[in-house]
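Its first residue numbered 1, the sequence shown is counted upward by one per residue in the working numbering.
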Amino acid sequence: MVGGRGVLAVKFMIGGAARLCKIFLAISRDLLFPVFCISCRVEGHWLCPPCLVKLQSEIKQQVFQHPYLDKVFALADYKNEIIARLIHLLKYEYVEEIGEIFEKMIEEFVRQNGAAILDGRQIAIIPIPLHKKRYLERGFNQAELLAKSCGRCLNVPVLSKALIRSRQTKTQVGLSGAERRNNLQGAFALRQSLIDIERVILVDDVFTTGSTMEEVARVLRSAGIHEVLGVTVARET
Ligand SMILES: [Zn+2]
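As structure tokens, then:
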């Protein structure tokens, strides 16, 4: 018993030290590499609170249908330069904190649509998975960060490990719709039973031709999921 408590105390100390270390690293990083608002250049935030409020008032949510998807919600248009810049920072410059800005947008989306999405069915949220190699390069899956924000706001479980990207695919950039579909065929595999789930909300960062979400939705439907929705930060047309 005493041994157990001792182990717990050591774990607590290690946890505390790790947290302090993280705070220390964040402070030194901010001193060495100050961050400026991408919109108004004020120091201290990637997007300062007033610019976030302004962005929230400018973006328009889009709702549309797509093969295998009952409904897709895009929180904004990729043509919005601030949205495009934020996605670039998250996805290609690996700035994980951008996820906190998108969580604010997701909170607003849930305030508007939460009741319609949660109508008593058994729901799960699944992020579009990254291939393991890409995950190791980036250190996180941006779709998983967004899915977790959706899960927190909707109070719905997030099944991050339910799907895997079993095959590494070529980049979709520059491919036509048909080429994208070919490229993705058989790229995703389900590795968890979803027997009690009636509705799945797929989450991704950008919706372009929709071929990725479509392929995942096809896999889910063949596993017996009746309804598949999509939530994405931006739609690129
Ligand atoms: Zn600003």
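All C-beta atoms in this analysis are idealised placements derived from N, C-alpha and C, irrespective of residue type, glycine included.
Since the model is a prediction, treat every value here as computed from it, not as a measurement.
Ranked by how close their Cα comes to the Cα of residue 183, the residues 119, 216, 117, 135 have 216 in first place. Just so you know, the alpha carbons of residue 161 and residue 200 end up roughly 14 Å apart. In the three-state DSSP reduction, residue 71 falls in the strand class (E or B). Of the heavy atoms belonging to ligand 1, at least one sits nearer than 7 Å to the Cβ of residue 42.
By the CB criterion at 8 Å, residue 122 and residue 70 fall outside the cutoff.
Exclusion of residue 175 from the 7 Å shell around ligand 1 follows from its C-beta lying no nearer than that to any non-hydrogen atom of the ligand.
124 is the residue among 99, 169, 139, 124 whose C-alpha sits nearest the C-alpha of residue 151. Counting along the chain, residue 212 sits inside the alpha helix (DSSP H) bounded by residues 211-222.
The DSSP-derived three-state label of residue 102 is helix.
Approximately 6 Å separates the beta-carbon atoms of residue 232 and residue 206; this is inside 8 Å, confirming the contact. Relative to the non-hydrogen atoms of ligand 1, the Cβ of residue 150 never comes closer than 7 Å to any of them. When the Cα atoms are used, residue 102 and residue 146 turn out to be separated by approximately 7 Å. Annotation: the continuous alpha helix (DSSP H) that includes residue 151 extends over 142-154. In its chain, beyond the 5 residues on either side, 198, 199 have a beta carbon closer than 8 Å to the beta carbon of residue 226. Under the three-state reduction of DSSP output, residue 23 falls in the helix class. Just so you know, the alpha carbons of residue 48 and residue 9 end up roughly 39 Å apart.
Looking only at 229, 202, 37, 120, the smallest Cα-Cα distance to residue 65 is reached by 229. Around the CB of residue 17, fewer than 16 other CB atoms lie within 10 Å, so the residue is classed as exposed.
Residue pairing for residue 199: DSSP places it in a beta bridge opposite 123, 227. Residue pairing by DSSP puts residue 190 in a beta bridge opposite 163.
When only Cα atoms are considered, residue 181 and residue 212 end up about 8 Å apart.
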